[in-house]
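Counting in my numbering, the sequence shown runs from 52 upward without gaps.
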Amino acid sequence: MRLIVLSLLILGEVTMGSAQYRLSVDASRKEAPVQPEMYGVFFEDINFGADGGLYAELVKNRSFEFPQPVTAWTFFGKVKVEKETPCFPRNPHYVRVEADGALTGSGLENAGFRGIGIKKGAEYRFSVYARTSGGQTTEIKLELVSSQNDPVGTARLKISGSEWKKYTTVLKSQVTDAKGRLRLTLQGKGSVDMDHVSLFPADTWKGRENGLRKDLVQALYELHPGVFRFPGGCIVEGNSLATRYQWKNSVGPVENRPLNENRWNYTFKHKLFPDYYQSYGLGFYEYFQLCEDLGAAPLPVLNCGLSCQYESHEEVPLDSLVPYIQDAVDLVEFANGPVSSRWGKVRAEMGHPRAFGLRMIAVGNEQWGPQYVQRLERFVKVMRERCPGIRIVGSAGPQADGKDFDYLWPEMKRLKVDLVDEHYYRSPQWFLENAGRYDDYDRKGPKVFAGEYAAHPDNRENNWEAALAEAAFMTGLERNADVVWLATYAPLFAHTEAWQWRPDLIWFDNLRCLLTPSYYVQQMYATNAGTQVIPTLYGEEPLKGQDSLYASAVWDERMPGLIVKAVNVSSEAKPLVISVKLPRDTRSSGEWEIIRLQSDDLEVHNCLESPSQLIPVKTSLPYENENPVMELPAYSFTVFRLKCQK
Ligand code: AHR
Numbered sequence: 052m053r054l055i056v057l058s059l060l061i062l063g064e065v066t067m068g069s070a071q072y073r074l075s076v077d078a079s080r081k082e083a084p085v086q087p088e089m090y091g092v093f094f095e096d097i098n099f100g101a102d103g104g105l106y107a108e109l110v111k112n113r114s115f116e117f118p119q120p121v122t123a124w125t126f127f128g129k130v131k132v133e134k135e136t137p138c139f140p141r142n143p144h145y146v147r148v149e150a151d152g153a154l155t156g157s158g159l160e161n162a163g164f165r166g167i168g169i170k171k172g173a174e175y176r177f178s179v180y181a182r183t184s185g186g187q188t189t190e191i192k193l194e195l196v197s198s199q200n201d202p203v204g205t206a207r208l209k210i211s212g213s214e215w216k217k218y219t220t221v222l223k224s225q226v227t228d229a230k231g232r233l234r235l236t237l238q239g240k241g242s243v244d245m246d247h248v249s250l251f252p253a254d255t256w257k258g259r260e261n262g263l264r265k266d267l268v269q270a271l272y273e274l275h276p277g278v279f280r281f282p283g284g285c286i287v288e289g290n291s292l293a294t295r296y297q298w299k300n301s302v303g304p305v306e307n308r309p310l311n312e313n314r315w316n317y318t319f320k321h322k323l324f325p326d327y328y329q330s331y332g333l334g335f336y337e338y339f340q341l342c343e344d345l346g347a348a349p350l351p352v353l354n355c356g357l358s359c360q361y362e363s364h365e366e367v368p369l370d371s372l373v374p375y376i377q378d379a380v381d382l383v384e385f386a387n388g389p390v391s392s393r394w395g396k397v398r399a400e401m402g403h404p405r406a407f408g409l410r411m412i413a414v415g416n417e418q419w420g421p422q423y424v425q426r427l428e429r430f431v432k433v434m435r436e437r438c439p440g441i442r443i444v445g446s447a448g449p450q451a452d453g454k455d456f457d458y459l460w461p462e463m464k465r466l467k468v469d470l471v472d473e474h475y476y477r478s479p480q481w482f483l484e485n486a487g488r489y490d491d492y493d494r495k496g497p498k499v500f501a502g503e504y505a506a507h508p509d510n511r512e513n514n515w516e517a518a519l520a521e522a523a524f525m526t527g528l529e530r531n532a533d534v535v536w537l538a539t540y541a542p543l544f545a546h547t548e549a550w551q552w553r554p555d556l557i558w559f560d561n562l563r564c565l566l567t568p569s570y571y572v573q574q575m576y577a578t579n580a581g582t583q584v585i586p587t588l589y590g591e592e593p594l595k596g597q598d599s600l601y602a603s604a605v606w607d608e609r610m611p612g613l614i615v616k617a618v619n620v621s622s623e624a625k626p627l628v629i630s631v632k633l634p635r636d637t638r639s640s641g642e643w644e645i646i647r648l649q650s651d652d653l654e655v656h657n658c659l660e661s662p663s664q665l666i667p668v669k670t671s672l673p674y675e676n677e678n679p680v681m682e683l684p685a686y687s688f689t690v691f692r693l694k695c696q697k
């Protein structure tokens with residue numbers, strides 16, 4: 052008992068029998084800069100994140116290139132898959148639909164990605180490449196079909212001539228339905244070949260034709276990510292080298308980007324997705340464009356010459372690595388090179404003559420062992436010569452500690468990579484215990500990139516317990532911003548009916564989008580990142596779990612002002628005295644803005660039916676003195692903002 056009272060006297064104060072906890076925040080001392088890219092996201096085509104998700108294409112297997120070319124299609128009447136004299140050499144299959152006037156008719160229906168989401172009154176851009184045999188004119192009827200099998204939007208297209216041509220029209224839906232279908236029926240007699248059958252909402256993000264789902268990009272935009280890591284994850288590695296992600300296949304005309312297997316289609320034997328392929332419709336150009344829209348620094352991850360080390364032992368021999376390294380060099384040219392360069396020209400022809408401003412590349416995803424180090428060493432040597440100014444990100448393996456991790460970090464220092472990518476999916480308890488993880492990291496070596504991290508309870512739900520633990524842990528990232536330069540939560544998106552992996556930041560179905568408590572934690576950090584770390588002391592120490600409290604603080608030159616983040620992970624409210632020392636000649640503008648996420652129920656989570664169970668709440672308090680007592684409710688994460696002026 053005596054010990055407890057003593058510790059309260061040292062760290063806090065005893066007021067009328069209840070403890071007050073004192074945090075000293077010294078805004079007159081600016082420590083490390085916070086990197087403008089610090090808080091970001093990791094995007095991978097997992098959980099139908101790209102095809103069926105962010106990429107707004109509504110037709111699955113639009114080019115008939117899936118190994119089973121009928122996947123997602125229902126053919127009726129006389130329809131067959133052909134590949135003679137194709138329209139697109141890298142996607143050679145197409146359908147031939149013939150009709151002899153029989154009542155049954157001939158045509159095909161597409162089931163979309165677990166259905167086609169359509170909205171009442173919304174317009175949908177349809178396009179198809181087609182030709183007729185014999186050069187006669189033929190008509191196709193197009194229908195949006197509801198889940199009740201009713202036609203709810205119709206259009207007709209006349210196809211003429213024996214040369215492949217693109218035909219477009221717009222369909223308007225009379226209903227809202229998450230499980231619609233698209234039906235194409237050949238009218239009258241004749242024969243028509245069709246390929247790249249495509250349907251997009253007209254209302255994509257920025258109205259782009261090969262566009263992205265507007266609600267999902269809006270959610271990203273409001274998150275304010277500083278960095279965007281893509282396209283994986285394990286899909287970069289592939290289950291085999293043949294199916295690794297190859298960025299050069301993902302650029303140029305969308306119709307001719309070859310299909311690739313998605314590595315997540317049969318990874319989990321209890322959760323198979325034989326219909327999961329990558330169309331590359333969302334490719335590297337679209338990724339760079341998205342980064343530009345979001346104001347996020349692009350961070351592409353490239354294959355290092357190894358396929359997924361969990362799944363296979365395929366290694367590119369060291370003397371055959373050249374094309375892989377050339378991919379990295381060419382990617383810099385694609386993103387930044389002049390329009391007169393080979394790859395800069397491809398970018399310009401796609402519509403973006405200006406450079407994208409690529410500044411970093413990760414070589415390898417979650418690799419380990421000497422086989423990785425030997426390959427990375429070759430990349431580093433060439434990239435240092437040929438891509439000066441590009442930061443190189445190496446890997447610390449799939450775990451946050453252990454044999455591979457302990458081997459890789461010294462090797463990364465030896466190779467002098469700029470950043471080292473650490474991954475940890477762990478329990479909330481681990482996150483709470485690791486808020487001091489980076490306090491003792493070597494300040495002279497490479498910087499840390501927390502490239503994939505998420506807390507998860509046993510059931511792996513995105514609940515408040517996980518998000519609260521992440522908030523507490525992130526005070527440690529912020530406090531150590533001199534060595535932690537980037538942090539990206541992972542993974543980003545998951546379709547509620549087609550996910551392989553959780554936790555995930557944003558969930559969606561064919562019509563709706565859901566923001567998790569973890570999303571709001573990330574948003575509260577990213578929109579309050581500040582520009583310099585300032586010292587926060589609890590007694591003589593940073594506040595990293597003592598009395599179930601966590602805190603960090605930054606100065607923001609742009610505000611200008613002070614931002615304190617405080618987390619209470621206990622079941623009791625705690626009064627925190629935030630003892631503020633402002634810079635000389637600076638005074639507050641009179642108000643604390645307070646943004647808080649709080650719930651007494653650690654298991655609470657948002658769901659599509661009830662998306663706002665837990666959302667941040669904003670309040671304010673007058674600034675009265677330099678020692679305000681701020682109530683930290685049980686299980687809460689709070690951002691305190693104080694605008695200042697000279
Ligand atoms: O985020 C899901 C997977 O987790 C990523 O693909 C991989 O890098 C990690 O193992």
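Using N, Cα and C, we set each Cβ at its ideal position, and we do this for glycine too. If you're wondering where the values come from, they're calculated on a predicted model, not measured in any experiment.
- Message: Taking only three categories from DSSP, how would you classify Lys322?
- Response: coil
- Message: I'd like the ranges of any beta strand (DSSP E) spanning at least 3 consecutive residues and lying wholly in the region 176–260.
- Response: 189–196, 202–210, 216–223, 228–238 and 240–252
- Query: How would you label Ile443, buried or exposed, when you count the other beta carbons within 10 angstroms and need 16 or more for buried?
  - Reply: buried
- Message: Quick check on this structure: which residue in Tyr423, Arg429, Gln199 and Leu195 has the alpha carbon closest to the alpha carbon of Pro449?
- Response: Tyr423
- Could you check which residue in Arg530, Gly415, Lys322 and Glu337 has the C-alpha nearest to that of Ala580? Arg530
- Message: For a test of the three-state rule: what should DSSP assign to Cys138, helix, strand or coil?
- Response: coil
- Specify whether the region 632–652 and the region 560–567 touch according to this definition: at least 3 beta carbon pairs, one from each stretch, less than 8 angstroms apart. no
- Message: Nearest by alpha-carbon distance to Met525: which of Gln551, Phe544 and Asn485 is it?
- Response: Asn485
- Query: Ends of the alpha helix (DSSP H) at Glu306?
  - Reply: Here Glu306 belongs to no alpha helix (DSSP H), and DSSP marks it neither H nor E.
- Distance cut-off 7 angstroms: Glu417 Cβ against heavy atoms of ligand 1: yes
- Message: Quick check: Leu39 and Val287, are their CB atoms within less than 8 angstroms of each other?
- Response: Because the chain spans 52 through 697 in this model, residue 39 falls outside it and cannot be assessed.
- Query: If we ignore side chains and look at the alpha-carbon of each, how far apart do Glu88 and Val572 end up?
  - Reply: 16 angstroms
- Message: If distances are taken between C-alpha atoms only, which option among Leu154, Leu105, Val690 and Val605 comes closest to Ala522?
- Response: Val690
- From Asn387 to Leu341, what does the alpha carbon distance come to, in whole angstroms? 16 angstroms
- Item | Range covered by the alpha helix (DSSP H) that runs through Thr689 | No alpha helix (DSSP H) holds Thr689; the beta strand (DSSP E) holding it covers Ser687 to Gln696.
- Which of helix, strand or coil does DSSP assign to Ile629? strand
- Does at least one heavy atom of ligand 1 sit under 7 angstroms from the Cβ of His474? yes
- Mind checking whether Ala624 and Ala538 have CB atoms under 8 angstroms apart? no
- Glu288 at chain B interface by Cβ criterion, 8 angstroms: Annotation note: the requested chain B is absent from the structure, which comprises a single protein chain.
- Task: Assign Lys595 to buried or exposed, taking buried as 16 or more other Cβ atoms, counted over all protein chains shown, within 10 Å of its Cβ.
- Result: buried
- Message: Would you say the beta carbon of Gly104 is closer than 7 angstroms to some non-hydrogen atom of ligand 1?
- Response: no
- Close Cβ partners of Arg80 (< 7 angstroms) along its chain, the five nearest in sequence each way excluded: Ile585 and Pro586
- Item | Spatial distance of Val631 from Asn619 (CA atoms) | 19 angstroms
- Query: For ligand 1, any of its heavy atoms closer than 7 angstroms to the Cβ of Cys285?
  - Reply: yes
- What is the rounded straight-line gap between the Cα of Lys432 and the Cα of Tyr458? 20 angstroms
- Assumed close pair Asn161, Val110 - CB separation to whole angstroms, cut-off 8 angstroms: 5 angstroms
- For Cys658, does the count of other Cβ atoms within 10 angstroms reach 16, so buried, or fall short, so exposed? exposed
- Query: Roughly how many whole angstroms lie between the Cα atoms of Asp560 and Lys134?
  - Reply: 34 angstroms
- Message: Let me confirm a value: Ile666 is counted as buried when at least 16 other C-beta atoms fall within 10 Å, else exposed. Which label applies?
- Response: exposed
- Task: Report all residues from its chain with a CB closer than 6 angstroms to the CB of Tyr504; omit the five preceding and five following residues, and keep chain order.
- Result: Tyr475
- Go ahead and label Phe319 buried or exposed: buried means 16 or more other beta carbons lie within 10 angstroms of its beta carbon, across all protein chains shown. exposed
- Taking Trp215 as the reference, which of Ala181, Glu337 and Leu233 has the closest Cα? Ala181
- What are the boundary residues of the beta strand (DSSP E) that includes Phe126? Trp124 to Phe127
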